[in-house]
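Residue numbers (my numbering): 119 to 205.
I have placed the structure first, in the form of structure tokens, so that the comments after it can refer back to it.
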């Protein structure tokens, strides 16, 4: 059976490997419910802090998420990130 990933987990300028798609999908699913810090996303998704931060930065470079405030940053979806793609 084919796995289903979050539509915004696919990046334009980076090779989309399965493990990265899984991590970004978990991260985006949390951010769809509320803005959150990388630490709380890591705890909720059972991913390491480093993995979450790496993928948040990739998503930020793709303009899917943005960070607000000072450290610890609060991450949230941008207008592009809130728009779900129809496949």
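Using N, Cα and C, we set each Cβ at its ideal position, and we do this for glycine too.
Per DSSP, the unbroken beta strand (DSSP E) holding residue 185 starts and ends at 183-186. In the three-state scheme derived from DSSP, where H, G and I count as helix and E and B as strand, residue 198 is classed as helix. With contacts defined by Cβ atoms closer than 8 Å, residue 151 and residue 167 do not form a contacting pair.
Scanning its chain for C-beta atoms nearer than 7 Å, with the 5 sequence neighbours on each side dropped, one finds around residue 169 the residues 141, in chain order.
Taking each of 149, 119 and 127 in turn and checking the Cα distance to residue 185, the smallest one comes out for 149. Only buried fits residue 144, as 16 or more other CB atoms lie within 10 angstroms of its CB. A distance below 7 Å between beta-carbons, with the five flanking residues on each side excluded, links residue 181 to the following residues of its chain, in chain order: 196 and 198.
A straight-line Cα-Cα distance of about 31 Å links residue 188 and residue 123.
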